[in-house]
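A short worksheet on the structure shown next.
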Ligand code: DCP
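In the numbering used here, the protein residues as written are 10 to 239.
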């Protein structure tokens, strides 16, 4: 950890309490969120919470992620209920650092992935209604803090190439069209802001570049991302 990246001196104290900041990192499947999180995890005073994908691939020996890709109509609700639970658990867990960076959110789970399953005709109306009621209840009754949304904006084609390269077993069935649908929902939500509530300001980082250039982009945006803390 480099001391030059320490933010300790910038801690804002309000009513004797340190102000904490929460940043959500959003973007399509294989948009490079993990690399971005790894990059910022090297900064002092930031805790990074990755998506609980390992849980989605193994709950008591079952693989709801794999099941969902095999048969979305049957298993979409199962996966998304579990995603909602595990993301909520992440959102309400006590912060151990002044800044938290979280991979995706309970909002994108609902507004992007559940919405996509339903809109593409793969989720029965009753499943969508039940998930929606759960979601509405949660956001009305439980505080889900967020100060900034960082959106890694990619083309679906780039994500498709990266997806093929990383070769995650469950994802082999994903066609380009699936990534296009997820992309369009993200753009409507965070760029055009015409579909659903956007709960914090959005910082867009173009993310089609190679790794070296992406690391440079993160460095360029470091202050903008971390200043929400002050
Ligand atoms: N997923 C889903 N429903 C959600 C959230 C995620 O079906 N509500 C799926 C999409 C992916 C898998 O879970 O198949 C993991 O999500 P990401 O691709 O976003 O995670 P990565 O770690 O792969 O992201 P990145 O490649 O950007 O680092």
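Idealized CB from N, CA, C, for every residue including glycine.
The Cβ atoms of residue 132 and residue 82 sit closer than 8 Å to each other. Judged by their CB atoms, residue 45 and residue 58 are not nearer to each other than the 8 Å cut-off. The bridge partners DSSP lists for residue 157 are 32.
Runs of the alpha helix (DSSP H) lying entirely within the stretch 134-205, each at least 4 residues long, are 134-150, 165-175 and 185-195 in chain order.
Between the ligand DCP and the CB of residue 62, the shortest heavy atom gap is smaller than 7 Å. A heavy atom of the ligand DCP is found nearer than 7 Å to the CB of residue 43.
Here DSSP, grouped into helix, strand and coil, assigns residue 112 to strand. A residue is called buried when at least 16 other Cβ atoms come within 10 angstroms of its Cβ; residue 175 does not meet this threshold and is exposed. In the structure shown, residue 214 falls within a strand segment according to DSSP collapsed to helix, strand and coil. Secondary structure remark: continuous beta strand (DSSP E) runs of at least 3 residues inside the stretch 40-102, in chain order: 55-58.
By the 16-neighbour rule on beta-carbons within 10 angstroms, residue 67 is exposed.
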